[in-house]
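Worksheet: one structure, shown below.
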Amino acid sequence: MKTLSSRIEIIQGDITKLDVDAIVNAANSSLLGGGGVDGAIHRAGGSEILEACKKIVSEQGGCQTGEAVITSAGNLLSKFVIHTVGPVWHGGKNGEHDKLASCYINSLQLAVINDCKSIAFPNISTGVYGYPKAQAAQIAVSTVSGFLSKNGEIEKVIFACFDEENYRLVQQQLDVLIMYS
Ligand code: ADP
2 MKTLSSRIEI
12 IQGDITKLDV
22 DAIVNAANSS
32 LLGGGGVDGA
42 IHRAGGSEIL
52 EACKKIVSEQ
62 GGCQTGEAVI
72 TSAGNLLSKF
82 VIHTVGPVWH
92 GGKNGEHDKL
102 ASCYINSLQL
112 AVINDCKSIA
122 FPNISTGVYG
132 YPKAQAAQIA
142 VSTVSGFLSK
152 NGEIEKVIFA
162 CFDEENYRLV
172 QQQLDVLIMY
182 S
């Protein structure tokens, strides 16, 4: 198996442009679309994604915070969109840490079940949900690296950071990971 750090990449840019097996959407619990990365994914992927989300809503209701569901990816290059619902930041004493970590773990598990070898994540919860970016970056990198070290199926995880600050903070966490691996 390749080294852990060689299985993790970071880019600054638009997640909808990536050619990976699955991209992750920072959705809301209604699954019916919203702003930010959710809006960008639905715009770029077309109505097929919303139709697939509506089907899931009719079968199981929406999606709880920390959980994830998978749909096809419409016009996107990826095969799947994994929709996960990040926690809204309420000061940090309301289970935000564990719920954010669950988003990453449940998304990775769905990717494995669906034979995905590559997956890209946005910086979940760091937009309108207000999670402090430094803490979110630490959780993202430690959770993903912990999962990859125990699971060999996924060959590549890409952190797609839209803004400069998230890019810098995630890069810092990856530097720490490389130092200790
Ligand atoms: P949340 O509600 O989980 O906070 P947002 O979509 O508001 O979700 O923000 C999550 C992150 O997604 C933010 O860091 C935002 O900059 C980023 N983002 C917005 N558009 C895109 C995009 N096209 N590709 C990747 N990341 C994006």
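Counting from 2, one number per residue, gives the positions in the sequence shown under the working numbering. For every residue, glycine included, the Cβ atom is placed at its ideal position computed from N, Cα and C. This one's a predicted model, so the numbers in the text were calculated from it and none came from an experiment.
Other residues of its chain near residue i: CB distance less than 8 angstroms, five sequence neighbours each side excluded
| i | result |
| --- | --- |
| H43 | G34, I50, L51 |
| V58 | S31, L32, L33 |
| Y130 | A27, G87, P88, V89, W90 |
| R8 | L149, I155, E156, K157, V158 |
| Q65 | S30, V86 |
| G37 | A27, G128, V129 |
Helix, strand or coil at residue i according to DSSP, with G and I counted as helix
| i | result |
| --- | --- |
| V89 | coil |
| S7 | helix |
Same chain only: Cβ atoms within 6 angstroms of residue i, ignoring 5 sequence neighbours per side
| i | result |
| --- | --- |
| S108 | V25, A69, I83, T85 |
| Q173 | none |
| G47 | G75, N76 |
| K118 | D22, E156 |
Same chain, Cβ closer than 7 angstroms to residue i, neighbours up to 5 away in sequence not counted
| i | result |
| --- | --- |
| T127 | K134, A137, N167 |
Ignoring anything shorter than 3 residues or poking outside the region 9–62, list the beta strand (DSSP E) runs there in chain order. Secondary structure within the region 9–62: the beta strand (DSSP E) runs of 3 or more consecutive residues, fully enclosed, are 9–13, 23–28 (chain order).
Write down every uninterrupted run of the alpha helix (DSSP H) in the region 96–164 whose length is 4 residues or greater and which is fully enclosed by it, in chain order. Taking 4 residues as the minimum length, the alpha helix (DSSP H) runs contained wholly in the region 96–164 are 97–114, 134–151, in order along the chain.
Between the region 115–123 and the region 147–162, are three or more C-beta pairs nearer than 8 angstroms? Contact between the region 115–123 and the region 147–162 is present, because at least three Cβ pairs lie under 8 angstroms.
Below 8 angstroms, can you find three or more Cβ-Cβ pairs linking the region 2–12 to the region 87–99? Judged by pairs of C-beta atoms under 8 angstroms, the region 2–12 does not touch the region 87–99, as fewer than three such pairs exist.
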